[in-house]
Amino acid sequence: MAEMLSVVVGGLLAVGGGGTMQWYLNKIQRENEDKRQRAIKFEELVSAIYEYDHWLMTYRNIHTFGSDDTETPTPFAKIQAITLIYFPEHLEKVKELQNIANDYIVWIHNAAVKRLAKDNSIQEGFKDVYQTYAAAHHELLKDLSEFSKRVFK
């Protein structure tokens with residue numbers, strides 16, 4: 010009877026240990042996959058921020074100078090979506106960039122009106138509005154760089 014009990018207990022320990030080990034390995038695998046997915050989304054976020062910077066430059070050239078570049082939709086929605094879903098800790102900096110970029114877009118529209126009215130002062134105020142935007146853009150990228158060093162070592 011004692012032998013039977015030791016066989017049953019040993020079998021239960023083996024099955025329990027194997028099941029626990031499988032659960033643990035699956036948990037580690039899921040965590041690694043989540044981390045890999047988050048790293049991919051982080052790369053997409055940084056890329057979208059640079060795309061937005063390029064979009065603003067193109068938008069300015071089209072509206073302020075009458076460039077025949079093709080106007081495309083703003084990539085800012087992509088920045089917001091990735092930030093909301095994967096990196097909500099950066100949402101305030103993204104909102105700050107958006108607010109400052111909106112001021113830049115207003116300046117672009119005002120410059121476009123001046124250009125159409127043949128007003129030679131279309132560059133007036135550009136330096137201030139652009140420097141403010143560039144500082145916010147730089148600050149967001151700096152925060153993301155520091156975050157990357159902490160999280161994706």
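For the sequence shown, my numbering assigns the number 10 to the initial residue and increments by one for each residue that follows. Even for Gly, the Cβ is constructed at its ideal location relative to N, Cα and C.
Residue i: CB within 7 Å of a non-hydrogen atom of the ligand SAH
{"i": "Q132", "result": "For the structure depicted, the ligand SAH is absent and the ligand set is empty, with no information on it obtainable."}
Range covered by the alpha helix (DSSP H) that runs through residue i
{"i": "K158", "result": "135-160"}
{"i": "E98", "result": "E98 -> no alpha helix (DSSP H), and no H or E assigned at all."}
Exposed unless 16 or more other CB atoms sit within 10 angstroms - verdict on residue i
{"i": "A57", "result": "buried"}
{"i": "F74", "result": "exposed"}
{"i": "I49", "result": "exposed"}
{"i": "L106", "result": "buried"}
{"i": "V122", "result": "exposed"}
{"i": "R39", "result": "exposed"}
{"i": "R69", "result": "buried"}
{"i": "V138", "result": "buried"}
{"i": "I200", "result": "Residue 200 lies beyond the residue range present for the chain, which begins at 10 and ends at 162; the question has no answer from this structure."}
{"i": "Y142", "result": "buried"}
Within 8 Å, strictly: CB atoms of residue i and residue j
{"i": "V103", "j": "L149", "result": "yes"}
{"i": "L54", "j": "F96", "result": "yes"}
{"i": "I131", "j": "A120", "result": "yes"}
{"i": "E64", "j": "T81", "result": "Here the sequence assigns Trp to residue 64, which means Glu is not the residue at that position. Contact flag set, yes."}
{"i": "K152", "j": "H99", "result": "Just to set this straight, residue 152 is Asp in the shown sequence, not Lys. Yes, the Cβ-Cβ distance between D152 and H99 is below 8 Å."}
Nearest-angstrom Cβ-Cβ length linking residue i and residue j, presumed shorter than 8 Å
{"i": "F51", "j": "F161", "result": "7 Å"}
{"i": "H146", "j": "D62", "result": "6 Å"}
Please give me, in chain order, every unbroken run of the alpha helix (DSSP H) with length at least 4 that falls completely inside the region 59-98. Those alpha helix (DSSP H) runs which fall completely within the region 59-98 and span 4+ residues are 85-95.
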